[in-house]
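For reference, the structure discussed in these notes is given below.
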Amino acid sequence: MATGMESLKETVAAMLKDSLKEALDPITKQMVENGNILRSLKEQSETHAKKFDTVFNKIDSMQVDLRKNEKETSSCFAGGDQAGRSSMIWKIDPGVTTCGWLTYQQALRETIRVGTSKRCCLSGSQRSRDPTAPLEIDRAHRIYSNNTSRPRTMIFKLLRYTDRQAILAGARKARPALSDGTQLLFFADYSPGTTQERQGYREIRAKLRRKGIDSFLIYPAILRVNYKGTRMSFNSAEEAKDALKSSVLEGMEDE
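Residue numbers (the UniProt record's numbering): 1 to 255.
Okay, structure coming up:
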C-alpha cells in the first residue's frame, strides 16, 4: 500500500512538472525574444545617438564657419567705405573696347594734368598733385563683355586719394576723350550706404544753389558750406537744415 502511494506521488509530481514546463516554455521563449528585441533596439538607439552627435557636431562647425563669414563680411563692408576713398567708376562707350591700356593711361594723365593745373585742389589742406608723377593704380577690371551694346564700365582703385580727386576735377574741366572722340565719364565709386547719405543732401544743396551759395561734399558724407566768408560743416542733411533754416535758408522752407 505504501509503495503504491509513493508511486502515485511520483507520477503526480512528474505530471505537474511536465505541465509547468509546457506552460512556461512559451513564456521563456517570448522573454528570450523580447530580450533580443530590446538588445537590438538598444544597439539601434546607440547608432542613432552617434549619428545625431555627428550631425550636431557638423551644425556646430557650420555655425562657427557662419560666424566667421559674418565677421569677414562685416569687415569687407567696413572696408568698402575706406576703399571708396580711392575707387572710381569709369564709363566708356562700346567703341573703346579695342583700345589698349596705354591709351587709357594717356587719357588719365591728361585728365590729371588739367585737374592739377591752376592749383586745382579740392579741400583746404590738400596740395595739388604733381602731374608728372606716375599714376599708381592698385587694380582695375571691366564690367560687361566685349560684345555688349551698353557702355563699358571700368572700375579701378587708385593708390592715392589725391589722384582720384585730381581725375574727377580734371574730368569736370576738360571733358576728356580718346583719340576716336569717345568721351570718358568719371564717377566716384562709394558704398551703397555712403551713396545714400550723400544723396540725402540733394534738396538742401539745390536750395543753396538757388541762393548762390557755394557748397560741396567731402568724403564720406560731410557737407561744407561757404557763406559770407564763414565755412560750415555738417554731418547730416537734417543737421544742415536745422542750422541753416533760420539764416541762410530763411523763407525757402516751403519750396
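Note that CB positions come from ideal geometry on N, CA and C, so glycine has one too.
If you drop the 5 nearest sequence neighbours on each side, which residues of the same chain put their C-beta closer than 8 angstroms to that of residue i?
| i | result |
| --- | --- |
| E197 | P220, A221 and S236 |
| I62 | Strictly speaking, residue 62 in this sequence is Met, with Ile absent from that position. Excluding sequence neighbours, M62 sits near nothing in its chain. |
| D25 | none |
| E6 | none |
Give the straight-line distance between the Cα atoms of residue i and residue j, rounded to the nearest whole angstrom.
| i | j | result |
| --- | --- | --- |
| L38 | L20 | 26 angstroms |
| R160 | E136 | 7 angstroms |
| T230 | R209 | 16 angstroms |
| M154 | R224 | 30 angstroms |
| A243 | S215 | 14 angstroms |
| H141 | A206 | 35 angstroms |
| E43 | D60 | 26 angstroms |
| D246 | D138 | First, the residue type needs correcting, since residue 246 is Ser and not Asp in the sequence shown. Using only the alpha carbons, I get a separation of about 46 angstroms. |
| V55 | E70 | 22 angstroms |
| D65 | P176 | 48 angstroms |
| K51 | I27 | 36 angstroms |
| E33 | S40 | 10 angstroms |
| K68 | K58 | 15 angstroms |
| M232 | P192 | 26 angstroms |
| T47 | K29 | 27 angstroms |
| A23 | D53 | 46 angstroms |
| K17 | E10 | 10 angstroms |
| L8 | A14 | 10 angstroms |
Between residue i and the rest of its own chain, which residues show a CB-CB distance below 7 angstroms, the 5 nearest in sequence each way excluded?
| i | result |
| --- | --- |
| I204 | A237, A240 and K241 |
| N36 | none |
| L217 | R198, Y201 and L223 |
| M31 | none |
Which residues in the same chain have their Cβ closer than 6 angstroms to the Cβ of residue i, if we skip the five residues on either side of it in sequence?
| i | result |
| --- | --- |
| S86 | At S86, the pLDDT of 46 sits below 50, so the modelled position is not reliable and the matter cannot be decided from this model. |
| Q183 | A177 |
| F234 | L223 and A240 |
If I'm right that residue i touches residue j with Cβ under 8 angstroms, what's the distance once you round it to whole angstroms?
| i | j | result |
| --- | --- | --- |
| Y190 | I213 | With 8 angstroms as the limit, Y190 and I213 do not qualify as a contact, their Cβ atoms being about 24 angstroms apart. |
Completely contained beta strand (DSSP E) runs for the region 163-212, where each covers 3 or more residues: 185-188
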